[in-house]
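Visitor: Handing you a structure now.
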Amino acid sequence: MEQQAKTILAAVREPERAPTVRYSGTVQEVPLQDAATLETELSALQRRQKRMAPDMDECGEPLY
0 MEQQAKTILA AVREPERAPT VRYSGTVQEV PLQDAATLET ELSALQRRQK
50 RMAPDMDECG EPLY
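For the sequence shown, numbering that gives the first Met the number 0 begins at 0 and goes up steadily by one.
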């Protein structure tokens, strides 16, 4: 998927007056990952944390 950049304009004004401050910027769309990919990455992160701290329970609390 090709990323596209869009230029947006915004103006700030007081009620009943002309715009006093103008903003212009470029917004770039970032493609979202699908839920399966995110779930896989989360599972990998949880497994890595468990390997690094095996004395923690499922919630990350220390075992006494």
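Glycine residues also receive a C-beta, built at the ideal position from the N, C-alpha and C atoms.
Predicted model only: the values in this text are computed from it and were never measured.
1) Beta strand (DSSP E) containing Ala35: first to last residue?
2) Ordered along the chain, which non-local residues of its own chain (more than five positions away) have a Cβ less than 7 Å from that of Pro61?
3) Against chain C, does Thr6 count as a neighbour if the rule is that its beta carbon must be under 8 Å from one of theirs?
4) Would you kindly work out how many angstroms separate the C-alpha atoms of Thr19 and Leu8, rounded to a whole number?
5) Per DSSP, what are the beta-bridge partners of Leu8 in this structure?
Guide: In short, the structure shows the following:
1) On the sequence shown, residue 35 is found 36 positions in, with the first residue counted as 1. Where Ala35 is concerned, there is no enclosing beta strand (DSSP E), although the alpha helix (DSSP H) it sits in stretches over 34-51.
2) Within the sequence shown, the letter at position 62 stands for residue 61. These residues qualify, in order along the chain: Asp54, Met55.
3) As a matter of chain content, chain C is missing from the structure shown, which is built from one protein chain.
4) The residue you call residue 19 lines up with position 20 of the sequence shown. The residue you call residue 8 lines up with position 9 of the sequence shown. When rounded, the distance between both Cα atoms is 13 Å.
5) One-based indexing of the sequence shown puts residue 8 at position 9. Per DSSP, Ser23.
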